[in-house]
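I have placed the structure first, in the form of structure tokens, so that the comments after it can refer back to it.
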Amino acid sequence: MTNIELIDALSERGALELNEWTQLLSEPAEQEREYAADRARAIAQREFGRNIYIRGIIEFTSYCRNDCLYCGLRRSNARAQRYRLDAEEIMECCAEGYEAGFRTFVLQGGEDAYFDDDRMCALVHSIRVTYPDCAITLSLGERSAESYRRLRDAGADRYLLRHESASPEHYARLHPPAQRLDSRMRCLEELKRLGYQTGCGCMVGSPYQTAAELAQDMAFMSAFKPEMIGIGPFIPHKDTPFGVYPAGSVELTLFMLSLCRIMLPRVLLPATTALGTLDGSGRKRGVLAGANVIMPNLSPRAVRRKYLLYDNKSITGDDAAESIELLRGHMADIGYNLVLGRGDYSPSR
Ligand code: SAH
């Protein structure tokens, strides 16, 4: 089959064979990428109209016990500036966000032992009772099944845990031996079982990644059927072992977004900050390729430049929650509206 036929087949079957994914993801031509983007955009508009959901992301701790080779927050990075927000500061972020119109708060951080289950549940509970009309999304990495259950009981609705790479060999080249793909996958299964709207995803263009690895990511996602998918380009961070590797391709990232939209028409799919960091119009291009979510930064301005997963992370302009009007304008430029509201996953219209 030609790549165009494969894109049509994906749309009909909702899945492809592994060798078909590999073919499709091996240096797709511009015309094929455009074809996928057109289809993906039409599907997104059919499912969601020209509406973009917004989520306010609060980066509440830059401490991390893990040592992911790509990430600026890795524990071996002695130059990283560490901070953690206290409960009061986090509640202030929510208050500011609520005022600005956000109805989903995303708490993201490194794996910081300080935020044990008692502290984390207390925090989730305060947000839950203060903002009963808001969704709470967590992105705290790997925790025990018991921890995920307690957080869910405390009021968390969604959980983002990118699988990072569905290939065990590739995963092992991105992480130290103590971090294992099977444990990450168990976490994802557990989150789903507990009724979280669950997000997985990966970077595009991480070191050693080829079309065969991306094919495995797509095959995994088509089987797992996440409610959310986070995909952005890899961007080097100078104080990590991967600091000398080139950034991932914006075009291939956009193509992956389009394929995700075609495969899972209802999936909540952000145009990520990393995409916006590599390309000034990355978020617009992401939306035009099928994305339907944008996650502006709600963290206090004083800490934003300390939460550096990669170099040159965009912290101003339409990445900042306080400039939501700017973002609204950028979306209006391409004919889209920002919608206020929780923007939950629903399996059908
Ligand atoms: N500790 C949490 C949150 C991780 S940060 C967790 O383990 O899930 C969120 C995401 O940023 C990661 O899942 C990773 O895919 C992405 N990320 C980290 N370093 C990056 C880099 N150098 N370039 C692009 N994305 C990166």
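Everything in the sequence shown is counted per my numbering, starting at -2 for the first residue and increasing by one. Glycine included, every Cβ here is placed at the ideal spot set by N, Cα and C.
| Check | Outcome |
| --- | --- |
| Relative to the C-alpha of Ser343, which residue among Arg177, Gly279, Tyr205 and Thr195 is closest? | Thr195 |
| With Tyr156 as the anchor, note down where its beta strand (DSSP E) starts and where it stops. | Arg155 to Leu157 |
| Leu335: which of Ala299, Ser296 and Ala288 sits nearest, CA to CA? | Ala288 |
| Would you kindly work out how many angstroms separate the C-alpha atoms of Ala33 and Ile124, rounded to a whole number? | 39 Å |
| Among residues of its own chain, excluding the 5 on either side of Glu187, which ones have a beta-carbon nearer than 7 Å to its beta-carbon? | Ala142 and Tyr145 |
| Along the beta strand (DSSP E) that carries Val103, what are the first and last residues, could you check? | Thr101 to Gly106 |
| Let me check you understand the geometry: is the CB of Met292 closer than 7 Å to at least one non-hydrogen atom of the ligand SAH? | no |
| For Leu21, I'd like the list of residues in its chain whose CB is within less than 6 Å of its CB, leaving aside the five on either flank, ordered along the chain. | Asn0 and Leu3 |
| Would you call Thr134 buried or exposed, if buried means 16 or more other Cβ atoms sit within 10 Å of its Cβ? | buried |
| Which ranges would you report for the beta strand (DSSP E) in the segment 131 to 165 if only whole runs of at least 3 residues count? | 132 to 136 and 155 to 157 |
| If I measure Cβ to Cβ from Ser296 and keep anything under 6 Å in the same chain, skipping five residues before and after, which residues do I get? | Ile55 and Glu56 |
| At which residue ranges does the segment 61 to 131 contain complete alpha helix (DSSP H) runs of 4 or more residues, listed in the order of the chain? | 84 to 97 and 114 to 127 |
| Using DSSP with H/G/I as helix, E/B as strand and the rest coil, what is Met292? | coil |
| Taking 7 Å as the cut-off, is the beta-carbon of Glu187 closer than that to any non-hydrogen atom of the ligand SAH? | no |
| According to DSSP, is Tyr50 part of a helix, a strand, or is it coil? | strand |
| Tell me whether Cys184, by its Cβ, gets closer than 7 Å to a heavy atom of the ligand FMN. | Judged by which ligands are present, the ligand FMN is missing from the structure shown, whose ligands are the ligand SAH. |
| Looking at the unbroken alpha helix (DSSP H) that takes in Gln28, where does it start and where does it end? | Glu27 to Phe45 |
| State the beta-bridge partners of Thr195 as determined by DSSP. | Tyr156 |
| Throw me the rounded Cβ distance for the Ile291 and Ala268 pair, which I believe falls under 8 Å. | 6 Å |
| When you compare only the Cα positions, how much space is there between Asn74 and Ala39? | 43 Å |
| Taking all protein chains shown into account, do 16 or more other C-beta atoms lie within 10 angstroms of the C-beta of Asp316, making it buried, or fewer, making it exposed? | buried |
| Thinking C-beta only, is Arg100 closer than 8 Å to Leu265? | no |
| So, Thr250 versus Leu285, is the Cβ gap smaller than 8 Å? | no |
| For Pro243, tell me which candidate among Leu256, Tyr307 and Arg302 has the shortest Cα-Cα distance. | Tyr307 |
| For Asp179 and Pro25, I'd like the C-alpha separation in whole angstroms. | 31 Å |
| I'd like the ranges of any alpha helix (DSSP H) spanning at least 4 consecutive residues and lying wholly in the segment 249 to 298. | 270 to 275 and 279 to 285 |
| Could you tell me if the beta carbon of Met200 falls within a distance shorter than 7 Å of some heavy atom in the ligand SAH? | yes |
| Using 8 Å as the threshold, is the C-beta distance between Ile312 and Arg301 below it? | yes |
| Verify the contact flag: Ile232, CB atom, against every heavy atom of the ligand SAH, threshold strictly below 7 Å. | yes |
| Please classify Pro174 as buried or exposed, where buried requires at least 16 other C-beta atoms within 10 Å of its C-beta. | exposed |
| Please classify Ala216: does DSSP put it in a helix, a strand, or coil? | helix |
| Return helix, strand or coil for Thr237, following the three-state DSSP convention. | coil |
| With three or more beta-carbon pairs closer than 8 Å as the criterion, would you say the segment 115 to 129 touches the segment 66 to 82? | no |
| What distance in whole Å lies between the Cβ atoms of Arg71 and Thr237, which are believed to be in contact at a cut-off of 8 Å? | 6 Å |
| Give every residue of the same chain whose Cβ lies closer than 7 Å to the Cβ of Tyr205, excluding the five residues on either side of it in the sequence, and list them in chain order. | His167 and Arg170 |
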